[in-house]
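Scroll down for the structure; my scribbles are underneath it.
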Amino acid sequence: MSLSTLHRAVKRDLTPGDRAGFKSGIPASRGHDPHLRRPPTARNEEWEGDHKQAPVWVWADGRLVKPWVTWFCDCHTGMIMGWAVTPHFPHRGSILAALRSCILHGEGYGPAGGLPTRIRIDRGKDFLSCAVQNALGAFAVQVDVLPPYTPHLKGSIENLNRAATSMFFSTLPRYTHAQKLDSRRRSGEKDPALTFEGFVELLAQWVKTRNAEHPMAGYGDLTPLQWWNSDPSPLREVSAEDLHAFLLEGDRSTRVINGHGIRFKGRDYMAGWMTGRSGTRVHVRFQPHHLDQIEIFDADNRRHLGTAYLADQASDEQIEQVYQARTERVRRVRRDLRRAETLRRRRFKAHTSAGPAQADTAMTRKEAAEELRTWRSSRADDDLPTDYMPRRITPPGRWAVPGPSAPSEEDT
Numbered sequence: 031m032s033l034s035t036l037h038r039a040v041k042r043d044l045t046p047g048d049r050a051g052f053k054s055g056i057p058a059s060r061g062h063d064p065h066l067r068r069p070p071t072a073r074n075e076e077w078e079g080d081h082k083q084a085p086v087w088v089w090a091d092g093r094l095v096k097p098w099v100t101w102f103c104d105c106h107t108g109m110i111m112g113w114a115v116t117p118h119f120p121h122r123g124s125i126l127a128a129l130r131s132c133i134l135h136g137e138g139y140g141p142a143g144g145l146p147t148r149i150r151i152d153r154g155k156d157f158l159s160c161a162v163q164n165a166l167g168a169f170a171v172q173v174d175v176l177p178p179y180t181p182h183l184k185g186s187i188e189n190l191n192r193a194a195t196s197m198f199f200s201t202l203p204r205y206t207h208a209q210k211l212d213s214r215r216r217s218g219e220k221d222p223a224l225t226f227e228g229f230v231e232l233l234a235q236w237v238k239t240r241n242a243e244h245p246m247a248g249y250g251d252l253t254p255l256q257w258w259n260s261d262p263s264p265l266r267e268v269s270a271e272d273l274h275a276f277l278l279e280g281d282r283s284t285r286v287i288n289g290h291g292i293r294f295k296g297r298d299y300m301a302g303w304m305t306g307r308s309g310t311r312v313h314v315r316f317q318p319h320h321l322d323q324i325e326i327f328d329a330d331n332r333r334h335l336g337t338a339y340l341a342d343q344a345s346d347e348q349i350e351q352v353y354q355a356r357t358e359r360v361r362r363v364r365r366d367l368r369r370a371e372t373l374r375r376r377r378f379k380a381h382t383s384a385g386p387a388q389a390d391t392a393m394t395r396k397e398a399a400e401e402l403r404t405w406r407s408s409r410a411d412d413d414l415p416t417d418y419m420p421r422r423i424t425p426p427g428r429w430a431v432p433g434p435s436a437p438s439e440e441d442t
């Protein structure tokens, strides 16, 4: 039987899903399976959220990065409810910021808004963090955590990710999946990259255009905004003050305002409204990874007292020097690890005839003794007895300190 005959038999007897599964695994075979659509509900009945790394190089903080977009969409109308962008890896602060932009409407937010009934998310550790769970639980929002490796169970947000790639990201300069000119170069890889501010501005324009001007084939050729406005379902609205309180991570400890302000995470925070409030017991709430300011609440009645700002904050030049020092330390450690790996690697002699493997151990006695001496000197602390306990304080002169034991008669 010829190879072409075998190929025809495989194509005839195996489905495309089976062939994809044998070639790339079960996740690839699911792409050929039909999936039922969820029954129509109402606006704000179901949301889906996800992170999406933009396949575009942009300038942020003096270097090229691929930003991450955190967003939520309404499954009934296809509306992009809100989003947040971070230059590097997203975190629970990105989710809380995106939720705030989703729920609020008016004064720069919206036009859609309100609280959802449930939210579907994957098993990302930032989505499952206590800060996000507590914030959604405070507003009685049901969180449905999907099983791992099941993107078909949150098809609305996956369709949004694909639409953003084909309609928006692919049109930007320095798109990482552009067509190849040869085996190494891609089209437009030498074009000037966008700044982070420019990327965020273009993303905001695209979201507004998609919500208000892009007709959806599955929604009767209506735009998401038209579909949203045609739904008479009432909205569960939340005041900005409540969002300000609950869409922040809380500290469990009770703190006291003192003469230096409030001590939090080893830092001092001050504000003008603290005048005359020394001794007041307070609770601290903060946005994760944004500790330049914190929100203060009275520990007794939970009333919001005000915002406190970091005292004695370092200048931008000092912060940049610290980051440069950290980068240099990482480079030095990596260089030492590569050198140690090179020294650890054993090499063997090449053979042109049958024989046992022989290691290339050409080394002088002086070289071996020097390396062993260096290794032993670096491990001097590890050679101490297991029951050794160092003296941590100097005892006062009136204390009786045991001296060295006198030699016994057997020793003499």
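When the count follows the working numbering, it moves up by one through the sequence shown with no breaks and lands on 442 for the last residue.
All residues carry an ideal CB built from backbone N, CA and C; glycine is no exception.
As the structure is a prediction and not an experimental result, all values here were calculated from the model.
Proximal residues to residue i (C-beta, below 8 Å), its chain only, five neighbours per side dropped
i	result
G136	G143
K210	R216, S217
S260	L252
Separation of residue j from residue i, as counted between CA atoms
i	j	result
S186	R68	10 Å
W56	C105	Checking the displayed sequence, the identity of residue 56 turns out to be Ile instead of Trp. Taking the straight line from one Cα to the other gives about 26 Å.
L126	V230	18 Å
T337	W303	9 Å
A341	I349	15 Å
A234	E78	19 Å
M31	E76	55 Å
S213	Y205	17 Å
D63	G47	7 Å
R403	E397	10 Å
R374	V314	51 Å
G140	F294	34 Å
H81	E400	53 Å
L329	R282	The residue asked about is misnamed: residue 329 is Ala in this sequence, not Leu. So the two alpha carbons sit approximately 11 Å from each other.
R406	R365	22 Å
Residue j beta carbon less than 7 Å from that of residue i
i	j	result
F52	A168	no
F102	G112	yes
V268	R285	no
A84	R122	no
E279	F226	no
W257	T107	yes
D152	L176	yes
A208	W87	no
V115	P146	no
M300	G306	no
H182	H65	yes
Beta bridge counterpart(s) of residue i as assigned by DSSP
i	result
H320	Q317
C160	BP columns for C160 are empty, so no partner.
A84	BP columns for A84 are empty, so no partner.
E371	In the DSSP output, where bridge partners are listed per residue, E371 has none listed.
D174	R150
N288	G291
I326	V314, G336
V95	V88
R103	First, the amino acid is wrong: residue 103 is Cys here, not Arg. Paired residue(s): E78, I110.
Sequence-distant residues of the same chain with beta carbon closer than 6 Å to residue i, five excluded per side
i	result
R377	D390
L166	V173
R266	G144, L145
Contacts around residue i, its chain only, beta-carbon distance under 7 Å, and the 5 residues preceding and following it disregarded
i	result
N288	S308
P318	H121, R122, G123, A161, E279
For this session: Spell out a yes or no on whether the stretch 87-99 and the stretch 240-253 are touching, meaning 3 or more CB-CB pairs, one atom from each, closer than 8 Å.
Result: Taking 8 Å as the limit for Cβ pairs, the verdict is that the stretch 240-253 does not touch the stretch 87-99.
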